[in-house]
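Protein chains in written order, with my numbering: chain A, -15 to 282; chain B, 282 to 602.
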């Protein structure tokens, strides 16, 4: 791969508007006020990297994920996949794109069909990629090994698996398509803390060994800080700040990033130092005090 | 006052039907004194929520307290009649849940729900109750309380709903508030605000809190004491600072290492290998043995001893000759 290869994904001024319906009359007139869920977002994901998207509910990060996998189309803006504008793709190229970008969901309880055994979940994905039946068995075994599941699990239904195991199946299904880019939307937020690390480490391993590029969406700043080479902070549809975690999370420039960082409970350390005052500030609704740079108070 | 406000001794909770019952909470001891904030932490399936629900007499269908005592202010709650229990919950014990949207009635304005509670538990007149609702909503930090009282639950944001739940729970001046994962569904900035509000209110009103959470950092920042549960048992308990500073039980130590930290560096995240045991599986020794990094031969066979040093309890074979 040459060093000047285009990024695997590039978004330029992506905007997604939804019409706010304001009752019957406005609807009849065809009016309504547009609301921008994503407003002028630009960023690039270098090939083989992990890019983090952080923000709170309603910030637009999941809308962005849906745009990236083309579940929804942006109102305006350009998205380049592998240097190619995805809007102008013909049918065959669009299909290749869809195969090349896969998604891992937060809620494995609803993103896996409860009536299909693991074997079938993976077989269907392999069939969709065009893997012959003769090769499917070895490919399935390879995928199961890749995500750290034993082959007896193939006979299980999703409800017979733990949350962590279900997420591994979700990742295996995505990998079955041999994607170039994985979009993981809050993949560990439904898991217990002792299992989160297992899944995050698996994503890191896959990234390192297959060179698979990953967009990791998470509200957990610490997770993103650990695994991403760059991240973007979303707030109210805007990307307010982006860069490597060593800068964004250590020396944040935007007040919203500072608020987000300050709100993370910091355990004993916080108990001894500033949590009380921080909480009081939050409780009083005094966000300005809570987000003031450290050391500014007397 | 003599004795703790809430005292749970040897609590066992079983799931089952007719002849087959399996214990999922297996001998929990817990104490909450007046005005104290006690944290109960553990992963899903550890039995922390069942323990809390049993205090309220709200165990799900198919679950029952199979043995043990729950004393509230000296009164035995296990086996208490529904009528007496109804008087206690909502009046002396308030509870807030993880999901306020399903805990609040969607068809009744939130203010009316608090009015109903006040008229039932505090025997207030409608007029007095309505005035009190506005005070309560103001107390939990809701702007324009009179207008908000007329709103329905779905018209409020998640943080606002949790504030309403809190107003409802503290409306009758309870002695104990049970908060079951009250901020798990909230964004971190809203979480910080709701926790700040809870902390202020329980200080102002002098309410004891049993705070159930899987978030160790949150527990460390607001609780006085903490009990750590694994597979239906308390494996470690003590005052927050010594427990988090020098955790004694291997599970607590391994769990604390797993908590992602902003200054945690890069590379693979620390994990606990394996999975928690499935519900109701019978384990003769310590349930954590298969995942424990310091387990010995006797751990899986023999129940570990309870050891207490200056109020810090650990249930483990480690360091026992």
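We put the CB at the ideal spot given by N, CA and C, even for glycine.
Between which two residues does the beta strand (DSSP E) containing residue 511/B stretch?
Taking the second chain and counting its residues from 1, the one referred to as residue 511/B is at position 230. Where residue 511/B is concerned, the enclosing beta strand (DSSP E) stretches over 506 to 511.
Over what stretch of residues does the alpha helix (DSSP H) that includes residue 591/B continue unbroken?
By one-based count along the second chain, residue 591/B stands at place 310. Per DSSP, residue 591/B is not a residue of any alpha helix (DSSP H), being assigned neither H nor E.
Please report the distance separating the alpha-carbon of residue 259/A from that of residue 250/A.
The residue labelled residue 259/A in the question sits at position 275 within the first chain. The residue labelled residue 250/A in the question sits at position 266 within the first chain. Any reading at residue 259/A is ruled out, since the residue's pLDDT is 46, under 50, leaving its predicted position unreliable.
Ordered list of beta strand (DSSP E) runs contained in the stretch 64 to 114 of chain A, each at least 3 residues:
Listed in chain order, the complete beta strand (DSSP E) runs (minimum 3 residues) inside the stretch 64 to 114 of chain A are 85 to 88.
Check the Cβ-Cβ distances between residue 197/A and every residue of chain B, and say whether any is below 8 Å.
Residue 197/A sits at position 213 when you count from the first residue of the first chain. For residue 197/A, no Cβ of chain B is located within less than 8 Å of the residue's own Cβ.
Beta-carbon spacing of residue -10/A, residue 85/A below 8 Å
Translated into positions along the first chain, residue -10/A becomes position 6. Translated into positions along the first chain, residue 85/A becomes position 101. Their beta carbons are not under 8 Å apart, which means residue -10/A does not touch residue 85/A by this criterion.
Within a Cβ cutoff of 7 Å, which residues of the same chain sit near residue 302/A, ignoring the five residues on either side of it in sequence?
The structure shown has nothing for residue 302/A, since chain A only spans -15 to 282.
Can you check which of these residues, 157/A, 178/A and 70/A, is closest to residue 541/B by C-alpha distance?
Sequence index remark: in the second chain, residue 541/B carries index 260 (1-based). Considering only alpha carbons, the answer is 178/A.
Residue burial classification, residue 160/A (beta-carbon count within 10 angstroms, cutoff 16):
Mapped onto the first chain, residue 160/A falls at position 176. Residue 160/A is classed as buried because its beta carbon has at least 16 other beta carbons within 10 Å across all chains shown.
Can you pull the chain B residues whose beta carbon is under 9 Å from the beta carbon of residue 182/A, in chain order?
Looking up residue 182/A in the first chain gives position 198. Neighbours of residue 182/A in chain B, taken as residues at a C-beta separation under 9 Å, are given in chain order as 550, 552, 553 and 554.
is_contact[residue -3/A, chain B] using C-beta, thresh 8 Å
Translated into the one-based positions of the first chain, residue -3/A becomes position 13. No, because no Cβ of chain B sits closer than 8 Å to the Cβ of residue -3/A.
In the structure shown, what three-state DSSP assignment does residue 392/B receive?
As a working mapping, residue 392/B is identified with position 111 in the second chain. It is helical.
Neighbouring residues, chain A, relative to residue 404/B (Cβ below 7 Å):
Numbered from its first residue, the second chain carries residue 404/B at position 123. Here the premise fails: no neighbours, minimum Cβ distance about 32 Å.
Residue range of the beta strand (DSSP E) that residue 519/B falls in?
As a first step, residue 519/B is located in the second chain; it is residue number 238 there, counting from the start. From DSSP, the beta strand (DSSP E) with residue 519/B extends over 514 to 520.
Can you tell me the Cβ-Cβ gap for residue 516/B and residue 530/B, rounded? I've got them flagged as a contact below 8 Å.
Taking the first residue of the second chain as position 1, residue 516/B is located at position 235. Taking the first residue of the second chain as position 1, residue 530/B is located at position 249. Yes, they are in contact, since the Cβ atoms of residue 516/B and residue 530/B sit about 5 Å apart, within 8 Å.
Pull up the distance between the alpha-carbon of residue 423/B and that of residue 144/A, whole angstroms please.
Translated into the one-based positions of the second chain, residue 423/B becomes position 142. Translated into the one-based positions of the first chain, residue 144/A becomes position 160. About 44 Å.
Members of the stretch 234 to 250 of chain A that neighbour chain B once the beta carbon cut-off is set at 7 Å
Listed in sequence order: 243, 244, 247, 248, 249 and 250.
Quick one: Cα of residue 132/A to Cα of residue 558/B, how far?
Numbered from its first residue, the first chain carries residue 132/A at position 148. Numbered from its first residue, the second chain carries residue 558/B at position 277. Whole-angstrom Cα-Cα distance: 19 Å.
Does the contact criterion of 3 or more C-beta pairs under 8 Å hold for the stretch 298 to 318 of chain B versus the stretch 477 to 490 of chain B?
Contact between the stretch 298 to 318 of chain B and the stretch 477 to 490 of chain B is present: 3 or more CB-CB pairs across the two stretches fall below 8 Å.
Assign residue 462/B to one of two classes, buried (16 or more other C-beta atoms within 10 Å of its C-beta) or exposed (fewer than that).
Here residue 462/B refers to the residue found at position 181 of the second chain. Burial call: buried.
Out of curiosity, what's the CA-to-CA distance linking residue 78/A and residue 447/B?
Within the first chain, the letter at position 94 stands for residue 78/A. Within the second chain, the letter at position 166 stands for residue 447/B. About 51 Å.
Suppose only complete runs of 3+ residues qualify. What are the beta strand (DSSP E) ranges in the stretch 420 to 472 of chain B, listed by chain order?
Runs of the beta strand (DSSP E) inside the stretch 420 to 472 of chain B: 457 to 461.
Does the beta-carbon of residue 574/B have 16 or more other beta-carbons within 10 angstroms, so that it is buried, or is it exposed?
In the second chain, counting from the first residue as 1, residue 574/B sits at position 293. Burial check for residue 574/B: the Cβ neighbour count within 10 Å stays below 16, so the residue is exposed.
Residue 389/B, buried or exposed, once every other Cβ within 10 Å from all chains shown has been counted against 16:
Your numbering for residue 389/B matches position 108 in the second chain. When all chains shown are included, residue 389/B counts as exposed.
Taking any Cβ of chain B, which residues in the stretch 196 to 218 of chain A have a Cβ under 8 Å from it, in chain order?
Listed in chain order, the positions of the stretch 196 to 218 of chain A with a beta carbon within less than 8 Å of a beta carbon of chain B are 203, 204, 205, 206, 207, 209, 210 and 211.
Looking at chain A, which residues of the stretch 512 to 540 of chain B have a Cβ within less than 8 Å of any of its Cβ atoms?
Flagged, chain order: 521, 522, 525, 526, 535, 536, 539 and 540.
Sub-8 Å separation of residue 458/B and residue 353/B beta-carbons
Taking the second chain and counting its residues from 1, one reaches residue 458/B at position 177. Taking the second chain and counting its residues from 1, one reaches residue 353/B at position 72. No, Cβ-Cβ distance for residue 458/B and residue 353/B is not below 8 Å.
In chain B, which residues lie with their C-beta within 7 Å of the C-beta of residue 284/A?
This structure does not reach residue 284/A, given that chain A is present from -15 up to 282, and the question cannot be answered.
Are the Cβ atoms of residue 37/A and residue 201/A separated by less than 8 Å?
The residue labelled residue 37/A in the question sits at position 53 within the first chain. The residue labelled residue 201/A in the question sits at position 217 within the first chain. Taking 8 Å as the Cβ cut-off, residue 37/A and residue 201/A qualify as a contacting pair.
Quick check: is the beta carbon of residue 576/B nearer than 8 Å to any beta carbon in chain A?
Numbered from 1 along the second chain, position 295 holds the residue referred to as residue 576/B. No, residue 576/B does not count as interfacial toward chain A.
Whole beta strand (DSSP E) elements within the stretch 155 to 211 of chain A, 3-residue minimum
Listed in chain order, the complete beta strand (DSSP E) runs (minimum 3 residues) inside the stretch 155 to 211 of chain A are 165 to 169 and 197 to 202.
In chain B, which residues lie less than 7 Å from residue 176/A when you measure between Cβ atoms?
The residue labelled residue 176/A in the question sits at position 192 within the first chain. Near residue 176/A (Cβ distances below 7 Å), the residues of chain B are 324, 325 and 495.
With a threshold of 6 Å on Cβ separation, who are the neighbours of residue 593/B within its own chain once the five nearest residues in sequence on each side are excluded?
Locating residue 593/B in the second chain gives position 312, where the first residue counts as 1. Hits under 6 Å: 519 and 523.
Any beta carbon of chain A sitting closer than 8 Å to that of residue 333/B?
Along the second chain, read from residue 1 onward, the residue named residue 333/B stands at position 52. No, because no Cβ of chain A sits closer than 8 Å to the Cβ of residue 333/B.
Inter-residue spacing [alpha-carbon to alpha-carbon] between residue 191/A and residue 32/A:
Here residue 191/A corresponds to residue number 207 of the first chain, with the count starting at 1. Here residue 32/A corresponds to residue number 48 of the first chain, with the count starting at 1. The straight-line gap from Cα to Cα measures roughly 7 Å.
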